[in-house]
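K.L.:
With our numbering applied, the sequence shown corresponds to residues 153 to 220, in that order. Provided herewith is a single structure, encoded as structure tokens, for subsequent inquiry.
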Amino acid sequence: MSSSTYKVTEIVGTSPEGVDQAIRNALDKASQSLHGLDWFEVHEVRGVIDEGKVGYFQVLLKVGFKLD
153 MSSSTYKVTE IVGTSPEGVD QAIRNALDKA SQSLHGLDWF EVHEVRGVID EGKVGYFQVL
213 LKVGFKLD
């Protein structure tokens, strides 16, 4: 079994559609510049209120990726 070393970084995804889409948006964008993405953790869920309603969701993720 080989061992790996990972880097962990934080990203924030947003979406007016919901938490799930905010996560997907964040991971889609992160995968464009980070290679070897392996896992994520949701650390915070928050949002913006616009005229008494949910304007959009924000999700803070920690993502791990393998170092070369």
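A virtual CB, placed ideally from N, CA and C, is assigned to each residue, including glycine.
#1: Quick check on Val200: buried or exposed, where buried means 16 or more other Cβ atoms within 10 Å of its Cβ?
#2: Can you grab the Cα-Cα spacing for the pair Val194 / Lys181, in whole Å?
#3: So Leu179 is in the alpha helix (DSSP H); what residue range does that whole segment cover?
#4: When burial is assigned at 16 or more other CB atoms within 10 Å of the CB, is Val160 buried or exposed?
#5: For a test of the three-state rule: what should DSSP assign to Gly165, helix, strand or coil?
#6: Near Leu213, which residues of its chain fall below 8 Å by C-beta distance, leaving aside the five closest residues on each side in sequence?
P.N.:
Working from what's here:
#1: One-based indexing of the sequence shown puts residue 200 at position 48. Exposed is the call here.
#2: By one-based count along the sequence shown, residue 194 stands at place 42. By one-based count along the sequence shown, residue 181 stands at place 29. Those two C-alpha atoms are separated by around 16 Å.
#3: Against the sequence shown, residue 179 aligns to sequence position 27. Looking at the DSSP string, the run of the alpha helix (DSSP H) that includes Leu179 is 171-185.
#4: Translated into the one-based positions of the sequence shown, residue 160 becomes position 8. With fewer than 16 Cβ atoms within 10 Å of its Cβ, Val160 is classed as exposed.
#5: Walking along the sequence shown from the start, residue 165 turns up at place 13. Strand, per DSSP.
#6: Mapped onto the sequence shown, residue 213 falls at position 61. Contacts found: Glu162, Ile163, Val164, Gly165, Ile175, Ala178, Leu179, Phe192, Glu193, Val194, His195.
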